[in-house]
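As they're listed, the protein sequences go chains A and B.
For this note's numbering, count along the first sequence from 1 and bump the result up by 16.
For this note's numbering, count along the second sequence from 1 and bump the result up by 38.
Input: a single structure, listed below in structure tokens.
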Amino acid sequence: MENKIIEKQNMAPFVDNLINAEAEVIGPKRKDGKYAFDKLIETGELCLDYDTTLLPPKMYLFPPKETLIKFELGKEPEVEPVVEAKPLILFGVHPYDIKAIELLDVAFSTTNPDINYLSKREKAVIIGVDCLNPNPNAFCPSLGTATAETGFDLMLTDIGDSYVVAIGSSKGEQLLTKYAETREASQVELAQRNSERQKALARYKVTLNISPEELPQLLDKSWDSPWWKEKSEKCLSCGSCIVVCPTCFCFDVQDDVTLNLKEGERYRQWDGCMLVDFAAVAGGGNFRGDKESRFRHRMYRKGKYIWERYGKLGCVGCGRCASACLAEIASPAETFNRLKEESK
Amino acid sequence: MKAKLAFFDFTGCEGCQLEVLNFETELVELLNHVDIVNFREAKTESEDNYEIAFVEGSITRESEIPKLKKIRQQAKIVVALGACACLGGVNCLKNFRPMKENLRIVYGDAAKYYDTIPARPISSIVPVDYYVHGCPIDKKEFLKVTKALLLGKRPEIPNYPVCVECKLAGNVCTFDKGETCLGPVTRAGCNAICISNGRHCWGCRGPVDDPNTNSEKEILQKHGLTVEDILNQFRIFNGYLEVSK
Numbered sequence: 017m018e019n020k021i022i023e024k025q026n027m028a029p030f031v032d033n034l035i036n037a038e039a040e041v042i043g044p045k046r047k048d049g050k051y052a053f054d055k056l057i058e059t060g061e062l063c064l065d066y067d068t069t070l071l072p073p074k075m076y077l078f079p080p081k082e083t084l085i086k087f088e089l090g091k092e093p094e095v096e097p098v099v100e101a102k103p104l105i106l107f108g109v110h111p112y113d114i115k116a117i118e119l120l121d122v123a124f125s126t127t128n129p130d131i132n133y134l135s136k137r138e139k140a141v142i143i144g145v146d147c148l149n150p151n152p153n154a155f156c157p158s159l160g161t162a163t164a165e166t167g168f169d170l171m172l173t174d175i176g177d178s179y180v181v182a183i184g185s186s187k188g189e190q191l192l193t194k195y196a197e198t199r200e201a202s203q204v205e206l207a208q209r210n211s212e213r214q215k216a217l218a219r220y221k222v223t224l225n226i227s228p229e230e231l232p233q234l235l236d237k238s239w240d241s242p243w244w245k246e247k248s249e250k251c252l253s254c255g256s257c258i259v260v261c262p263t264c265f266c267f268d269v270q271d272d273v274t275l276n277l278k279e280g281e282r283y284r285q286w287d288g289c290m291l292v293d294f295a296a297v298a299g300g301g302n303f304r305g306d307k308e309s310r311f312r313h314r315m316y317r318k319g320k321y322i323w324e325r326y327g328k329l330g331c332v333g334c335g336r337c338a339s340a341c342l343a344e345i346a347s348p349a350e351t352f353n354r355l356k357e358e359s360k
Numbered sequence: 039m040k041a042k043l044a045f046f047d048f049t050g051c052e053g054c055q056l057e058v059l060n061f062e063t064e065l066v067e068l069l070n071h072v073d074i075v076n077f078r079e080a081k082t083e084s085e086d087n088y089e090i091a092f093v094e095g096s097i098t099r100e101s102e103i104p105k106l107k108k109i110r111q112q113a114k115i116v117v118a119l120g121a122c123a124c125l126g127g128v129n130c131l132k133n134f135r136p137m138k139e140n141l142r143i144v145y146g147d148a149a150k151y152y153d154t155i156p157a158r159p160i161s162s163i164v165p166v167d168y169y170v171h172g173c174p175i176d177k178k179e180f181l182k183v184t185k186a187l188l189l190g191k192r193p194e195i196p197n198y199p200v201c202v203e204c205k206l207a208g209n210v211c212t213f214d215k216g217e218t219c220l221g222p223v224t225r226a227g228c229n230a231i232c233i234s235n236g237r238h239c240w241g242c243r244g245p246v247d248d249p250n251t252n253s254e255k256e257i258l259q260k261h262g263l264t265v266e267d268i269l270n271q272f273r274i275f276n277g278y279l280e281v282s283k
């Protein structure tokens, strides 16, 4: 992979050029003491040294609410598919979120390709940045998601006075050539990048005491563990964990009509297995009507089901769920470590 | 045939009916599908041949009970409109004081001319088919429920806590700002409007079907609230519920 250098004073002009010339640029900005991805109006808003964002960048590829079709009711109803996609640059995406998007790419293109997601994805450029100040609940090194070798067009690493830029695609290279002042990276600078990444690994506070490949087997043995009931007692079923998750991709589909009661739209919106009605069916049944089974199901998705179905991790260790959970029960690392202990 | 709608009010500020009148453009469009035959706040003439009754306000006097029962007898569908009708609402604050004292505080020497009973939601007197929650109601939700009724569909009202919509709104959690919030047990549907505007959730939409109030109480205590503080929070809109007693 080719590597370049952008001096720090040249970063602002690069971002400004992208904002002015290329496409909508989305990047991490400060928000009430935290960080959130949002449209950048000018470079000054961009915070590349953030720990994590409130919501994952997936929301720009798989919006929380999205129209799928428009219809007009009548003897012969008219139905029009709606696919909206515009050029987009996601700037400053952390490696764990890139890994999460790689999972979404597989999930949304397997069996029935999801045209709405794939159209947006095709027009999106991902400019990553290495996470050097991890969130205290993150455990990316245990899952191999602290750094990424694929899934980006460009990847930045802060090495002090400059950024090393790894070029991941020709699209990324073209943007760099067109809009940034760069020079070749020296061996010393590449060594500095390694050293920054190494130092960052030591800043993670949570460790998984089991290799991710062993998780499906561990969970297989843990179906009847007392942990599920014990820990889920405090669950508020508030869905905070599934809303902030970069890998969750479940959605609900609803119809709505305008006040003329003829024209309408079918839309989808994020849904998730920790919500009470997620597995509710006609006739009043609910396949996971209690907190315990919902809690267990989510952990099985993260550590087993998704891995087995898509060959990728269902959790990238970003720690957002653990940070968002008021009941302090959502961290997959805590659950997996506890089950590992129990299995000894 | 247009469906016949009626609006009725019991004890409340009448703000939810006012919200319906505030819908102006939408209300005119709605009139293509319905006749509003009874709406004291908006028109003088009234008829009693309605099919769908929107009932605002809580029940706080004996004399209101037969009136409500009569509405139930006439209407095919009864919809509770707003926090007072749905939950009892802020009126239930008086339930924690002797009724005689309430009368004395409000009416002074004239107290003997009035009666009052503990405030309650309309569902404690008659069966209610649908609820439009909130203080005040949300325009989109009112229209959603009304459209669903006209199409013969069941309105999809969220049965998950405000946290879902609050997170989607991109808010930093109220608890992370050193404050407290009833969002984790309160029914969503408001798009977390209070939190998005710098306040916390007061619970005006009432609890979800199965709220984890024990967990919420523990969390509130951990964030510095006493048991009395917590009860006071719940009682603002949800005084009628067991959890507030």
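Built from N, CA and C at the ideal position, the CB exists for glycine as well.
Coarse secondary structure for residue i, derived from DSSP in three states
i: Leu125 (chain B); result: helix
i: Lys221 (chain A); result: coil
i: Phe180 (chain B); result: helix
i: Trp286 (chain A); result: strand
i: Asn197 (chain B); result: coil
i: Phe48 (chain B); result: coil
i: Asn140 (chain B); result: helix
i: Val122 (chain A); result: helix
i: Ala182 (chain A); result: strand
i: Leu269 (chain B); result: helix
i: Lys86 (chain A); result: strand
i: Asp272 (chain A); result: strand
i: Gly208 (chain B); result: coil
i: Arg310 (chain A); result: helix
i: Val332 (chain A); result: coil
i: Ser101 (chain B); result: coil
i: Gly280 (chain A); result: strand
i: Ala80 (chain B); result: coil
i: Lys81 (chain A); result: strand
i: Glu230 (chain A); result: helix
i: Glu129 (chain A); result: The sequence given here places Pro at residue 129 (chain A); Glu does not occur at that position. Here Pro129 (chain A) sits in coil by DSSP.
i: Val116 (chain B); result: strand
i: Ala295 (chain A); result: helix
i: Glu96 (chain A); result: strand
i: Asn353 (chain A); result: helix
i: Phe267 (chain A); result: strand
i: Leu104 (chain A); result: strand
i: Ile155 (chain B); result: coil
i: Ala164 (chain A); result: coil
i: Ala91 (chain B); result: strand
Per DSSP, the bridge partner or partners of residue i
i: Asp73 (chain B); result: B:Lys42
i: Glu200 (chain A); result: A:Lys20
i: Val166 (chain B); result: Val166 (chain B) is not bridged to any residue.
i: Gly43 (chain A); result: A:Asp54
i: Arg225 (chain B); result: B:Pro199
i: Leu170 (chain A); result: A:Ile143, A:Ile183
i: Ser96 (chain B); result: B:Thr49
i: Ala230 (chain B); result: The partner list for Ala230 (chain B) (beta bridge, DSSP) is empty, contrary to what the question assumes.
i: Gly172 (chain B); result: B:Ile175
i: Pro242 (chain A); result: The partner list for Pro242 (chain A) (beta bridge, DSSP) is empty, contrary to what the question assumes.
Residue i vs residue j beta-carbon contact at 7 angstroms
i: Lys136 (chain A); j: Leu77 (chain A); result: yes
i: Asn128 (chain A); j: Val99 (chain A); result: no
i: Arg219 (chain A); j: Pro262 (chain A); result: no
i: Phe311 (chain A); j: Val222 (chain A); result: no
i: Asp272 (chain A); j: Gly280 (chain A); result: yes
i: Leu355 (chain A); j: Leu234 (chain A); result: yes
Cβ separation of residue i and residue j, assumed to be a contact under 8 angstroms, to the nearest whole Å
i: Ala123 (chain B); j: Pro159 (chain B); result: 6 angstroms
i: Leu89 (chain A); j: Glu67 (chain B); result: Not really, about 16 angstroms apart at Cβ, beyond 8 angstroms.
i: Cys266 (chain A); j: Asp287 (chain A); result: 5 angstroms
i: Arg99 (chain B); j: Ile155 (chain B); result: 6 angstroms
i: Asn140 (chain B); j: Lys150 (chain B); result: About 14 angstroms; that fails the 8 angstroms criterion.
i: Thr69 (chain A); j: Asp32 (chain A); result: With 8 angstroms as the limit, Thr69 (chain A) and Asp32 (chain A) do not qualify as a contact, their Cβ atoms being about 22 angstroms apart.
Q) Are three or more beta carbon pairs between the stretch 194 to 201 of chain B and the stretch 225 to 244 of chain B nearer than 8 angstroms? A) The stretch 194 to 201 of chain B is in contact with the stretch 225 to 244 of chain B.
Q: Tell me, please, whether the stretch 237 to 253 of chain A touches the stretch 45 to 63 of chain B by the rule of three or more beta-carbon pairs shorter than 8 angstroms.
A: With the rule of 3 Cβ pairs closer than 8 angstroms, the stretch 237 to 253 of chain A does not count as touching the stretch 45 to 63 of chain B.
**Q.** Any 3 or more C-beta pairs closer than 8 angstroms across the stretch 104 to 119 of chain A and the stretch 138 to 149 of chain A
**A.** These segments touch.
Q) Do three or more CB pairs link the stretch 160 to 168 of chain A to the stretch 55 to 69 of chain A at distances below 8 angstroms? A) The stretch 160 to 168 of chain A, when compared against the stretch 55 to 69 of chain A, does not touch it at the 8 angstroms Cβ threshold.
Q: Assess, as a yes-or-no matter, whether the stretch 111 to 120 of chain B is touched by the stretch 87 to 98 of chain B under the definition of 3 or more beta carbon pairs within less than 8 angstroms.
A: Three or more Cβ pairs drawn from the stretch 87 to 98 of chain B and the stretch 111 to 120 of chain B lie within less than 8 angstroms of each other, which places the two stretches in contact.
Q.
Across the stretch 51 to 63 of chain B and the stretch 171 to 181 of chain B, are there enough close Cβ pairs to call them in contact, namely three or more that are closer than 8 angstroms?
A. Flag = yes, the stretch 51 to 63 of chain B and the stretch 171 to 181 of chain B touch.
Q) At a cut of 8 angstroms, does the stretch 181 to 195 of chain A reach the stretch 17 to 26 of chain A through at least three beta carbon pairs? A) The stretch 181 to 195 of chain A, when compared against the stretch 17 to 26 of chain A, does touch it at the 8 angstroms Cβ threshold.
Q.
Quick test of the definition: if touching needs 3 or more C-beta pairs under 8 angstroms, does the stretch 291 to 309 of chain A touch the stretch 206 to 214 of chain A?
A. These segments do not touch.
Q.
Below 8 angstroms, how does it come out for the stretch 252 to 262 of chain A and the stretch 243 to 257 of chain B: are there three or more Cβ pairs, yes or no?
A. Contact between the stretch 252 to 262 of chain A and the stretch 243 to 257 of chain B is present, because at least three Cβ pairs lie under 8 angstroms.
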